[in-house]
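Right, one structure below, let's go through it.
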Amino acid sequence: MYQQLKESLQEHVSLTDEQWELCKNNFRPKRMLKRQFLLQEGDVCRQLTFVEKGALYSYSVDSKGNQHVLRFAFDGWWIADLQSFFTDNPSTLNIEVLEDSELLVLDRKNHEKLLEEIPAYERYHRIIVENAYVALQKRVENALGLTAEEKYARLIKDNPEFMNRVPLNLVASYLGMSPETLSRVRGNFSG
1 MYQQLKESLQ EHVSLTDEQW ELCKNNFRPK RMLKRQFLLQ EGDVCRQLTF VEKGALYSYS
61 VDSKGNQHVL RFAFDGWWIA DLQSFFTDNP STLNIEVLED SELLVLDRKN HEKLLEEIPA
121 YERYHRIIVE NAYVALQKRV ENALGLTAEE KYARLIKDNP EFMNRVPLNL VASYLGMSPE
181 TLSRVRGNFS G
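Per UniProt numbering, residue 1 is the first one in the sequence shown, and the count goes up by one each step.
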């Protein structure tokens, strides 16, 4: 159950066997079914979640009831409402399971413990947060500066798994367009 996490850590930092065991022992395995909520708007996010296997997505709902997808998380990815996790404020997001999933959750106390006790974990966490910030900046730049066609082309180039694992209405929401616009773009798309 911990293979993806171990590979993710090893991709970025070196851990001794003892450090790996300490990391592993601070995570709690959790299985969730499609359509279950990992987090609901209004609750405080109290854990960081690593996806061993499966898919989840985070979204907000506006005052008109429209869903706005912020991000997806697949095998080997992290997901949480970081704003809520780090500030202890209620979440403005929902995190929902898209496919039956095997997760590893790390509560704040254990996260802080790992940061203090394993310098390599602290480095790993910094790298993950830096990568998340870079991805967020790219997402904002894409939303502001690309046409619908360019957004779609970039998505399938950078994340081809989206089209096989994510319903088109959620892809459209993620790209900031209507399902009808996405359908038109896909119809005109030639690679």
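Glycine included, each C-beta is placed from N, C-alpha and C at the ideal position.
Flag residue i as yes if its beta-carbon sits less than 8 Å from any beta-carbon of chain B, otherwise no.
i           : result
alanine 172 : Looking at the structure shown, chain B is missing, and only one protein chain is on hand.
What residues are listed by DSSP as bridge partners for residue i?
i             : result
isoleucine 95 : Leu39 and Ser58
cysteine 49   : Position check: residue 49 holds threonine in this sequence, whereas cysteine was assumed. Partner(s): Ile79 and Val105.
valine 44     : Pro90
Where does residue i fall in DSSP's three states?
i              : result
serine 101     : strand
leucine 70     : strand
valine 166     : coil
lysine 34      : coil
proline 29     : strand
glycine 187    : helix
lysine 64      : coil
isoleucine 118 : coil
serine 84      : helix
threonine 16   : coil
tyrosine 152   : helix
tyrosine 2     : coil
serine 178     : coil
Hey, would you say residue i sits closer than 8 Å to residue j, going by beta carbons?
i                : j             : result
threonine 87     : serine 60     : no
phenylalanine 37 : tryptophan 78 : no
glutamate 52     : leucine 104   : yes
tyrosine 152     : leucine 175   : yes
isoleucine 95    : leucine 39    : yes
phenylalanine 85 : leucine 48    : yes
valine 97        : arginine 184  : no
isoleucine 128   : leucine 22    : no
aspartate 17     : cysteine 45   : no
Taking residue i as part of the alpha helix (DSSP H), name the residues at either end of that continuous run.
i           : result
proline 160 : Premise fails: proline 160 is in no alpha helix (DSSP H) and is neither H nor E.
leucine 146 : Run containing leucine 146: none; DSSP gives neither H nor E here.
Measuring from the CB of residue i, is there a heavy atom of the ligand ZN at a distance below 7 Å?
i           : result
arginine 28 : For the ligand ZN, the structure offers nothing, since it holds no ligand at all.
Say whether the stretch 156-165 touches the stretch 113-120, bearing in mind that this needs 3 or more beta-carbon pairs closer than 8 Å, one atom from each stretch. no
Indicate whether the contact test is met: 3 or more Cβ pairs, each with one atom in the stretch 22-36 and one in the stretch 64-78, closer than 8 Å. no
Any 3 or more C-beta pairs closer than 8 Å across the stretch 119-132 and the stretch 6-13: yes
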